[in-house]
Amino acid sequence: MVQLLRPTANGDPTPTATPRPTSAPAATQPTTAPAAQATNAPGGTNVVNETPAQTVELRPAPDALAFAQTSLSLPANTVVKLDFINQNNLGVQHNWVLVNGGDDVAATVNNAAQNNADALFVPPPDTPNALAWTPMLNVGQTGSVTFRTPPPGTYLYICTFPGHYLAGMKGTLTVTQ
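For the sequence shown, position 70 matches number 1475 in our numbering, and the numbering has no gaps at all.
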């Protein structure tokens, strides 16, 4: 510590102690991810934290705004880990979003994602009829989501990067008994 002398009201010097750092402050590490990264995480109403019974890999088409596999079939009430591998020659981001419905519902989910630009165009966590999704991925990245398949029926999956769903980047998940 360094002592400084400061005159008092009557002019007498009075010592005051001023602390001096002995070393540079340590850099602090963030304890949480930035908001955009946190909201770009996998999500959906059917997402679970359970051991998957089945793993599915899915990729975009290498040279088109489309999924390489436009139809999937999975049994109902099964915990599935979906690995979405963004390997494409277009150099664009993609994601995978499972929708509870057809094109009319998918359009609403897509619009919600488009209005969520701060979170990289993934659906907000409270988006109705968005069952499960991966984060938005750059080329060469893989994103995963573990979810429980919905009841038997036909469901769409889409990419919510701006313009991709409208260009036809969608597929069909058939859930069987």
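Even glycine gets a Cβ: it sits at the ideal position worked out from N, Cα and C.
Values in this document were obtained by computation on a predicted structure and should not be read as measured data.
Residue i - DSSP class collapsed to helix/strand/coil
| i | result |
| --- | --- |
| T1577 | strand |
| Q1519 | helix |
| F1566 | coil |
| D1508 | helix |
| T1554 | coil |
| T1483 | coil |
Distance between residue j and residue i (C-alpha atoms, nearest Å)
| i | j | result |
| --- | --- | --- |
| G1573 | N1500 | 14 Å |
| E1455 | D1468 | 35 Å |
| G1568 | N1520 | 13 Å |
| F1489 | S1478 | 16 Å |
| P1439 | T1559 | Residue placement at P1439 is poorly supported in this model, since its pLDDT is 34, which falls under 50; the coordinates still yield a value, given next. Whole-angstrom Cα-Cα distance: 36 Å. |
Presumed contact (8 Å Cβ cut-off) between residue i and residue j, rounded CB distance
| i | j | result |
| --- | --- | --- |
| N1451 | V1527 | Actually they are not in contact, since the Cβ atoms of N1451 and V1527 sit about 15 Å apart, beyond 8 Å. |
| L1561 | T1577 | 6 Å |
| V1484 | V1461 | Not confirmed; about 12 Å, so no contact. |
| Q1498 | F1566 | 5 Å |
| V1550 | P1447 | 4 Å |
| G1449 | L1503 | 7 Å |
Contacting residues, own chain, Cβ-Cβ under 7 Å from residue i (five flanking each side not counted)
| i | result |
| --- | --- |
| F1472 | L1463, P1465, A1466, M1574, G1576 |
| Y1570 | A1511, N1515, I1563, C1564 |
| G1507 | L1561 |
| A1537 | G1449, N1451, V1452, L1503, V1550, F1552 |
| A1517 | P1528, P1529, T1532 |
Close Cβ partners of residue i (< 8 Å) along its chain, the five nearest in sequence each way excluded
| i | result |
| --- | --- |
| Q1582 | P1480, A1481, P1557 |
| P1540 | N1445, A1446, P1447, N1500, L1525, V1527, G1548 |
Given residue i as reference, the closest of the options once Cα atoms are compared
| i | options | result |
| --- | --- | --- |
| L1542 | Q1459, N1493, A1458 | N1493 |
| T1532 | V1544, T1513, G1545 | T1513 |
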